[in-house]
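Undergrad:
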Amino acid sequence: MDENEKTHGVTDKPSTDGVWYTQEGYKVVAKAFLGQGYSERTLNDAAARNNKSKTFGHAPFTFKNGRRDSPANAFWGKMKTRTNVKLLTNTKVDYVLHSAGKATGVMYGGTKAQLSSRGTIIMAAGALSTPMVLIQSGIGPADQLNMLKGNAKFPGLSQGDFIINPYVGRNLFDTSMVIASFSHPEMKSFRYRDYPSWALDLYINKNGSGPWSSSGPVLIGYENFEVQGRQYEFQTTVLPHGFGEFAKLDNALSIPLYINNPESRAASGFDNNGAWQPFKEGGAYFATNRDLVAMQQYAQHVVSAMKAQGAAFLSGASDPNGVANWVSANRGMAAQHFGGSCYASSDASAGSKRCADNKLRVLGTSNIFVADASAMRDGTVNPYGFIMYTGREAAGQAASYISTGGAGSAWAIQKAAQGATCGKIEENVDYAGNDVGNAKSSAEGCCAICQTTGGCKAFTWTNYNGGTCWLKSAKGATSTNSGARSAQLT
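So the sequence shown is numbered by the UniProt record's numbering: it starts at 1 and just counts up by one.
(1) Name the DSSP bridge partner or partners of Gln114?
(2) Can you have a look at Pro185 and say buried or exposed, based on whether 16 or more other CB atoms are within 10 angstroms of its CB?
(3) Could you tell me the alpha carbon to alpha carbon distance between Asn171 and Tyr343, rounded to whole angstroms?
(4) Contact defined as beta carbons within less than 8 Å: I believe Ala125 pairs with Asp372. What is the distance between those atoms, to the nearest angstrom?
(5) List the endpoints of the continuous alpha helix (DSSP H) containing Ile179.
(6) In this structure, does DSSP put His241 in helix, strand or coil?
(7) Would you identify the three-state DSSP class for His337, choosing helix, strand or coil?
(8) Pick out whichever of Gly316, Ala284, Gly379 and Val302 has its Cα sitting closest to the Cα of Ile449.
(9) Using three-state DSSP, classify Ala125 as helix, strand or coil.
(10) For Ser442, which residues in the same chain have their Cβ closer than 7 Å to its Cβ, ignoring the five residues on either side in sequence?
(11) For the putative contact between Ala32 and Ala317, defined by C-beta atoms under 8 Å, what is the C-beta separation to the nearest angstrom?
(12) If distances are taken between C-alpha atoms only, which option among Met132, Asn4 and Pro141 comes closest to Ser70?
(13) Taking buried to mean at least 16 other C-beta atoms within 10 Å of its own C-beta, is Met79 buried or exposed?
(14) Output the distance between the C-alpha atoms of Lys248 and Tyr192, rounded to the nearest integer angstrom.
(15) Starting from the Cα of Ile259, find the closest Cα among Gln228, Gly66 and Gln296 and give me that residue.
(16) Mapping the DSSP letters down to three states, classify Ser70 as helix, strand or coil.
(17) Specify, as a first and last residue, the run of the beta strand (DSSP E) that Phe56 falls within.
(18) If the criterion is Cβ atoms closer than 8 Å, does the pair Leu128 and Ile135 meet it?
(19) Do you know offhand how far Ala348's Cα is from Val218's?
(20) What separation, rounded to the nearest whole angstrom, lies between the Cα atoms of Gly269 and Gly396?
(21) In chain order, what are the residue ranges of uninterrupted beta strand (DSSP E) at least 3 long that sit wholly in the region 445–487?
(22) Using the Cα positions of Pro383 and Asn44, report the straight-line distance between them to the nearest angstrom.
(23) Closest to Met123 by CA distance: which of Lys206, Cys469 and Arg392 is it?
(24) From Ala350 to Lys415, what distance separates their C-alpha atoms?
(25) For Arg485, which option in Gly437, Ala432, Val436 and Thr237 has the closest C-alpha, if you only look at C-alpha atoms?
(26) Skipping 5 residues on each side, what residues in its chain have a beta carbon closer than 8 Å to that of Val29?
(27) So which of Tyr108, Trp276, Ser366 and Met333 has the shortest CA-CA distance to Asn90?
(28) Looking at the structure shown, is Leu148 part of a helix, part of a strand, or coil, going by DSSP?
(29) So, helix, strand or coil for Lys415, using DSSP?
(30) Out of curiosity, what's the CA-to-CA distance linking Val168 and Thr130?
(31) For the region 321–333 against the region 145–159, are there 3 or more C-beta pairs whose distance is under 8 Å?
(32) Expressed to the nearest angstrom, what Euclidean distance is found between the alpha-carbon atoms of Gln277 and Arg331?
(33) What's the C-alpha gap between Arg377 and Asn205?
(34) Could you check whether the Cβ of Ile368 sits closer than 7 Å to any heavy atom belonging to the ligand COA?
(35) Quick check on the burial criterion: 16 or more other C-beta atoms within 10 angstroms. Buried or exposed for Trp76?
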């Protein structure tokens, strides 16, 4: 992180005049949090960033000179002067060429790019698309590869032996989110879409100063606590305007509430028609009851704290039951904090469900590295900074590979743990009790979901809600249930 910050800007005062603007919402929520025993911190200070629970502060940004200093600006700005770098735009990668686990080239738009003998591939298509490219290349779960083999639309699967990696596309997560709106007599909303002349004048004529130098959040707060035996990490983000139907109110603010480390997981893959489905199986949004209860408890806590400071909860009824019902009715919003679909780990045990090794290499390959949020096992905070960190680490590993030509035991190919397999499905049989979670899926998809869910040893599928896998820690007692389908991991 420190090395990256030498390349891009980082500040919690993005305005070039050093002034914090649109602070009314900050002050309202700060009072609410201080009343709950929170501490105000500079969030990215070393003393604060690894001890976040019950803290809040001004939102940090990768801004410089009043403008977003994104990777496209900061990192590409340094790369583009190199004679050995070429950027291809409007170009879609078809698949990776490989032989005996070693990538040898890339096909894109019908064109072949050949690697040198010591070359590498860095995957950075994002958590929703990196698994797609890998599977199109013949790298992924056996059921996906066997289904697509022989399909003329997938020439990458006819290049030779498959590389079986059961966890490509599994473990996909997104931050769980609901957005609450409040009003407060001391609040003065700032709406970017109104383009207020005073703010435009500051930004355009006063060297990038004023509220337009920030992308929105004025406060970030964190809290961790246990729910039903699992530790959850929560986040509050404060925006200086209302949300949805409350967006035009002059005294409104909105507060997105997040679970940064939900247990809900989805799986990406191709369907029988060869169409890519980012959420093919499982569910990334409140797919477990524990995730729902966790968000309900956190939302109740925040609403209560805000009410104690004179705020009105606009989004729903403010009593505990009303808040719980509001959360339940508004779940499923995408935060766009996707990750986990090819996560990296040093755990090479038989029960490991990793997709990449501790060098960020896709298991089963010697020189294909994951450099995006796919490599993150769990969420923590907004993944933007961690994605840049992952990219830098992957680049460093690729550079080490290139410098040695991939020679030596350190670069030996590591195979993916194949894990337990599913036994024969028992028709019209229901396994009672021992539930550890549930996920919306077809019956055929339950096995893979169980394989990648901690503590799952068996499942029962029913047609509830269009098809649901009931994941279980053990088979337990059985009963006859017409249409139910059950199996164990063996």
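All C-beta atoms in this analysis are idealised placements derived from N, C-alpha and C, irrespective of residue type, glycine included.
TA: A quick look at the data gives this:
(1) Gly105
(2) exposed
(3) Separation of Asn171 and Tyr343 (C-alpha to C-alpha, rounded to the nearest whole angstrom) is 8 Å.
(4) 7 Å
(5) Careful: Ile179 lies outside any alpha helix (DSSP H), inside the beta strand (DSSP E) at Ser176 to Ser183.
(6) His241 falls in the coil class under three-state DSSP.
(7) coil
(8) If you compare the alpha carbons of Gly316, Ala284, Gly379 and Val302 with that of Ile449, the shortest gap goes to Ala284.
(9) coil
(10) Gly467
(11) The distance from the Cβ of Ala32 to that of Ala317 is about 19 Å, inconsistent with a contact at the 8 Å cut-off.
(12) Asn4
(13) With fewer than 16 other Cβ atoms from the protein chains shown falling within 10 Å of its own Cβ, Met79 counts as exposed.
(14) 11 Å
(15) Gln296
(16) coil
(17) Thr55 to Gly57
(18) no
(19) 42 Å
(20) 30 Å
(21) Runs found: 458–462 and 468–472.
(22) Rounded to whole angstroms, Pro383 to Asn44 spans 14 Å at the Cα level.
(23) Arg392
(24) 11 Å
(25) Ala432
(26) Phe56, Leu219, Gly221, Thr236, Val238, Leu253, Ile255 and Met306
(27) Tyr108
(28) helix
(29) coil
(30) Taking the straight line joining both Cα atoms gives about 9 Å.
(31) no
(32) Rounded to the nearest angstrom, the two C-alpha atoms are 21 Å apart.
(33) Each residue's alpha carbon lies about 45 Å from the other.
(34) The ligand COA is absent from the structure shown, which contains no ligand whatsoever.
(35) exposed
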